[in-house]
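Counting from 6, one number per residue, gives the positions in the sequence shown under this note's numbering. Glycine residues also receive a C-beta, built at the ideal position from the N, C-alpha and C atoms.
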Amino acid sequence: MLKIVLARPNYNSHLITPPLGLGYLVAYLESKGRQVKIIDGLNLGYSNDLIVDHCKDAEIVGIYCLSAYFFEVIDLTKRLKEKNKIVIIGGPHASVLPELTLKETGADFIVVGEGEVTLLELISAIENNASSEAIPGVFSLKTKNFIKREFIQDLDTLPYPDWKQLDPRRYKKAPHGGLVKKFPVAPIITTRGCPYECTFCASPKLWERSIRYRSPENIVSEIVYLVKNFGVKEIHFEDDNLTLKKEHAEKICRLLIEAKLKISWAAPNGIRADTVTEELLDLMKKSGCYFLAFGIESGNQGILNKIRKKTKLETIEKAISIANKKGIVTQGFFIFGLPGETKDSIRETIDFAKRIKLDKAQFLLLDVLPGSQLWEDLEGKFVADWARHSYQEVTWV
6 MLKIVLARPN
16 YNSHLITPPL
26 GLGYLVAYLE
36 SKGRQVKIID
46 GLNLGYSNDL
56 IVDHCKDAEI
66 VGIYCLSAYF
76 FEVIDLTKRL
86 KEKNKIVIIG
96 GPHASVLPEL
106 TLKETGADFI
116 VVGEGEVTLL
126 ELISAIENNA
136 SSEAIPGVFS
146 LKTKNFIKRE
156 FIQDLDTLPY
166 PDWKQLDPRR
176 YKKAPHGGLV
186 KKFPVAPIIT
196 TRGCPYECTF
206 CASPKLWERS
216 IRYRSPENIV
226 SEIVYLVKNF
236 GVKEIHFEDD
246 NLTLKKEHAE
256 KICRLLIEAK
266 LKISWAAPNG
276 IRADTVTEEL
286 LDLMKKSGCY
296 FLAFGIESGN
306 QGILNKIRKK
316 TKLETIEKAI
326 SIANKKGIVT
336 QGFFIFGLPG
346 ETKDSIRETI
356 DFAKRIKLDK
366 AQFLLLDVLP
376 GSQLWEDLEG
386 KFVADWARHS
396 YQEVTWV
């Protein structure tokens, strides 16, 4: 069998959390008899040269790619190809821009969408010197008729991420959200996908506006495993929409209460204000929730309508008020520079953030993400410099 490494390059990020995507891929491959090593350049502080050094014995190197560090992926891939490695790139950026990713990096293959089954089949084809043309989810420069990989419907059939390689005790620097009660912290995903169509987000294209759920029992079983084996004291739910299905969220909370784990938990990736009720927030608080981030985006209703947020400012204000009363720390995410933005709407957003009494507000500059509706709507109006895609610079005019 070929030796395989899956890597995340180092980049300038204030968040350093275990790469769950790589963890799931490795766990699946290992369940099928493969041995795979993870190199998390971000957490280890490795340069691309150092990552290449640690891949010296590998024949295949897979790289997880976000738009935020595509420029690092380009550099890392070129260095790996100089060492004659077979390079496979996956992740959101590569999935929505497979042809561009191949051309700019010189990689051998792109895995589009969910990678567990696709990557296993691709590795087997490489080992047997067989064509990848008929493998769903694989894109290469030889691809003539791309075949879409269907989504995995039963997420409970997947093994937990390889927590032995992503040991939460090694991630001590900057958990998502920048707020933590107790270390070690472990991130968890309870769903895949999102049914909404916010124009600034790539999720509608990545997940085709669908959502799939792990069972609450499977989720809490993983949390118990993390507590018992790694001493985890806090869980961060990283879903796009943790509270979208009220009954699902309630069941998770009840099972956590029954498990008596004495852990705290947070949802730092952002939930929708229109999906929480006073009853649900009560249950969340009782089960250990102390921090919720809300994706608010703007304090101007016209802009919310334009980006298809499908919520009302009064709904957001009510949800924040209830969470505050329950003693849950609240954070709001806002984006400046959305289409239709003016000095007046920026002021409205700041005033709204102050009025609803958030504990923390984060104001980001619009980053036009590949795969989002805005990527298509603003074509020709944004900066095609991947080093600037960081939510910290204006990238479109």
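- One thing to note: Cys258 has its Cβ no nearer than 9 Å to the Cβ of Leu297.
- Membership of Leu249 in any beta strand (DSSP E) is not indicated, and neither H nor E is assigned to it by DSSP.
- Per the C-alpha coordinates, the member of Glu227, Val78, Gly67 and Gln170 positioned closest to Asn15 is Val78.
- DSSP lists Ile9 and Ile91 as the beta-bridge partner residues of Ile65.
- In the structure shown, the three-state DSSP call for Ala191 is strand.
- DSSP, reduced to helix, strand and coil, places Gly28 within a helical segment of the structure shown.
- Listed in chain order, the non-local C-beta contacts of Asn150 below 7 Å within the same chain number zero, local neighbours out to five positions each way being set aside.
- Taking C-beta atoms under 8 Å as the contact rule, Ser292 and Leu247 fail to qualify, at a distance of about 12 Å.
- Listed in chain order, the non-local C-beta contacts of Pro189 below 7 Å within the same chain comprise Pro173, Arg174, Phe235, Gly236, Val237 and Lys238, local neighbours out to five positions each way being set aside.
- In this structure, Tyr218 sits near Lys250, with a CB-CB distance shorter than 9 Å.
- Non-local C-beta neighbours of Leu71 in its own chain, meaning closer than 8 Å and more than five positions away in sequence, comprise Gly96, Pro97 and His98, ordered along the chain.
- For Asp167, the closest C-alpha among the options Leu127, Asp45, Ser100 and Glu283 is that of Asp45.
- Spanning the alpha carbons of Ser326 and Lys362 requires a straight line of approximately 8 Å.
- Assigned with DSSP and collapsed to three states, Phe296 falls in strand.
- Judged by DSSP secondary structure, Tyr218 falls within the beta strand (DSSP E) whose first and last residues are Ile216 to Tyr218.
- Here the region 49–65 does not lie against the region 196–210, with fewer than 3 beta-carbon pairs under 8 Å apart.
- The alpha-carbon separation between Val225 and Ser350 amounts to approximately 42 Å.
- Residues Pro166, Asp167 and Leu171 of the same chain have their beta carbon placed closer than 6 Å to that of Gly28, with the five preceding and five following residues left out of the count.
- Here the alpha carbons of Val143 and Lys290 stand approximately 43 Å from one another.
- By the Cβ-count criterion, Asn17 is exposed, with fewer than 16 other Cβ atoms from all chains shown falling within 10 Å of its own Cβ.
- Counted as a single uninterrupted DSSP element, the alpha helix (DSSP H) harbouring Ala130 occupies residues Glu121 to Glu132.
- For the 9 Å CB-CB criterion, Gly118 and Leu30 do not form a contact.
- The region 99–112 makes no contact with the region 123–140; the number of CB pairs closer than 8 Å stays below 3.
- Asn89 is not a Cβ neighbour of Asp161, given a cutoff of 9 Å.
- If you ignore the 5 residues before and after Ile312, its C-beta comes within less than 7 Å of the C-beta of Cys203, Thr204, Phe205, Glu302 and Leu343, all in its own chain and listed in chain order.
- Per DSSP, Asp172 has no beta bridge partner at all.
- Lys267 has its alpha-carbon roughly 39 Å from the corresponding atom of Asp372.
- Contact annotation: Ser215 and Ile240 have beta-carbon atoms that are not nearer than 9 Å.
- Bounds of any beta strand (DSSP E) do not take in Thr162, whose DSSP letter is neither H nor E.
- Between Phe114 and the set Leu102, Asn133 and Val92, the nearest pair of CA atoms involves Val92.
- Bounds of the beta strand (DSSP E) holding Val41 are Val41 to Asp45.
- Counting the other Cβ atoms within 10 Å of the Cβ of Glu283 gives fewer than 16, which makes it exposed.
- Distances from the CA of Ala264 to each of Val232, Asp244 and Gly275 were compared; the closest alpha carbon is that of Val232.
- For Ser100, the uninterrupted alpha helix (DSSP H) segment begins and ends at Pro97 to Val101.
- Between Glu353 and Gly304, the beta carbon gap of about 5 Å places them in contact (Cβ cut-off 8 Å).
- Fully enclosed alpha helix (DSSP H) runs of no fewer than 4 residues occupy 283–291, 306–311 and 318–330 of the region 282–345, in order along the chain.
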